[in-house]
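Numbering (the working numbering), first residue to last: 118 to 253.
Take a look at the structure below.
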Amino acid sequence: MADIAALLPPADETNRPYREALKDGRLCLPRCDACGEFRLRASRYCPSCGGTSSRWEELSGSGRLWGRCVFHQVYFEAFRDRVPYGVVIVELEEGVRVFSNLADGIDTMQVPIGTALAAVYEPVSDEVTLLRFRPA
Ligand SMILES: [Zn+2]
């Protein structure tokens, strides 16, 4: 497998809490102080309400399969030797949707939309752990 860790952007204040939490087997995302919505990445303004204050909070890691497809093209060099591979959108219990893959070589297209999923934390190097999901 290509070096996924080398492909990631450098760690900074916008992604470090997310990455550190994954290494500890936890999922953390920024949550708006004004409206309480989680968002995928740290950004200055909340996409829901425009609020400017947020904090990192832990999520359950539980959700449901919201969407799925198979990538047949090489969109990411680090995944070249995985093509074709499944990509899923998981709607977490807290309402936010994340892109991921299913773990354990599960055939993505065989898992029905709406299936309950649980987070899996898959280390790919000493520094990088990826978020994946499997049926709960
Ligand atoms: Zn907000």
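Every residue gets a Cβ at the ideal spot worked out from N, C-alpha and C, and that includes glycine.
C-beta contact flag for GLY180 and GLU208 at 7 Å: Yes, Cβ-Cβ distance for GLY180 and GLU208 is below 7 Å.
Assigned secondary structure, ARG133 (DSSP; H/G/I helix, E/B strand, else coil): It is helical.
Chain-ordered residues, beta carbon under 6 Å from a heavy atom of ligand 1: Here the list is CYS149, ALA151, CYS152, GLU154, CYS163, SER165, CYS166 and GLY168.
Option in THR232, VAL213, VAL205 and ILE230 with minimal Cα separation from LEU219: Nearest C-alpha to LEU219: VAL205.
Of the residues GLY142, TRP173 and GLY168, the one placed nearest ARG148, counting alpha carbons only: Looking at GLY142, TRP173 and GLY168, the one whose alpha-carbon comes closest to that of ARG148 is TRP173.
Spatial neighbours of ILE121 in its chain, beta-carbon cut-off 6 Å, leaving aside the 5 residues before and after: The residues are ALA195 and VAL241.
LEU219: first and last residue of the uninterrupted alpha helix (DSSP H) it sits in: DSSP places LEU219 outside any alpha helix (DSSP H), giving it a letter other than H or E.
Local Cβ density within 10 Å of PHE216, reported as buried at 16 or more and exposed below that: A residue is called buried when at least 16 other Cβ atoms come within 10 angstroms of its Cβ; PHE216 does not meet this threshold and is exposed.
Burial state of ALA236, where buried means 16 or more other Cβ atoms lie within 10 Å: With 16 or more Cβ atoms within 10 Å of its Cβ, ALA236 is classed as buried.
Three-way DSSP call (helix, strand, coil) for PHE94 in this model: The structure shown does not extend to residue 94, since the chain spans only 118 to 253, so no value can be given for it.
Segments of 4+ residues assigned as alpha helix (DSSP H) that fall wholly inside the stretch 143 to 193: Residue ranges of uninterrupted alpha helix (DSSP H) with 4 or more members are absent from the stretch 143 to 193; none lies entirely inside it.
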